[in-house]
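What follows is one structure encoded as structure tokens, with my remarks underneath.
What follows is the structure, given as structure tokens:
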């Protein structure tokens, strides 16, 4: 945990990795983790039974696919997927996204599989 009195630079943190769909923890807030992730292409359809999931786009364009339609997001826009709602993030070109989630949330939610990431601590 970063307990020093310095600001966290999103630009610097995003510059430390290139892989897609591999979230990095950059800070903690009570029982929540602030994560960043680079995305490109389509993720897997999944849901989170016990928690909502917040996507805040910092760079690029993404869509959150829902069973009843898509939610397009650009820089500075966020969307909260309610708990239990199936969704599938997608980005035609690379995008950078911040997530705020309770500690322990798995990126692939209820489906697991090859895209399940081990959270790296970049804080």
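Residue numbers (UniProt numbering): 1 to 123. For each residue, glycine too, the CB sits at the ideal point set by N, CA and C. Just so we're clear, the structure is a prediction, and the values are computed from it rather than from any experiment.
Discussion item. Between the alpha carbons of residue 110 and residue 82, how many angstroms are there, rounded?
Written reply: 14 Å
Worksheet item: Would you report the Cα separation of residue 27 and residue 123, rounded to the nearest angstrom?
Response: 5 Å
Discussion item. Determine whether the beta carbon atoms of residue 40 and residue 119 lie at a separation below 7 Å.
Written reply: no
Discussion item. My parser needs the beta strand (DSSP E) runs of 3 or more residues fully inside the stretch 25 to 64; what are they?
Written reply: For the stretch 25 to 64, whole beta strand (DSSP E) runs of length 3 or above, ordered along the chain, are 32 to 42 and 53 to 59.
Worksheet entry | Where residue 78 sits in the DSSP three-state scheme | Collapsing the DSSP output to three states places residue 78 in a strand.
Worksheet item: Among the residues of its own chain, which have a CB less than 8 Å from the CB of residue 16, if the five just before and after it don't count?
Response: Answer for residue 16: 24 and 122, listed in chain order.
Worksheet item: When the Cα atoms are used, what is the spatial distance from residue 70 to residue 87?
Response: 9 Å
Practice prompt. Rank 7, 67, 32 and 73 by C-alpha distance to the C-alpha of residue 93 and give the top, closest one.
Written response: 73
Discussion item. Considering Cα atoms alone, identify which of 13, 79, 51 and 96 is closest to residue 108.
Written reply: 51
Practice prompt. Spatial neighbours of residue 80 within its chain, please: CB distance less than 6 Å, with the 5 preceding and 5 following residues excluded, ordered by chain position.
Written response: Result list for residue 80: 52 and 54, in chain order.
Worksheet item: Between residue 34 and residue 13, is the Cβ-Cβ spacing less than 7 Å?
Response: no
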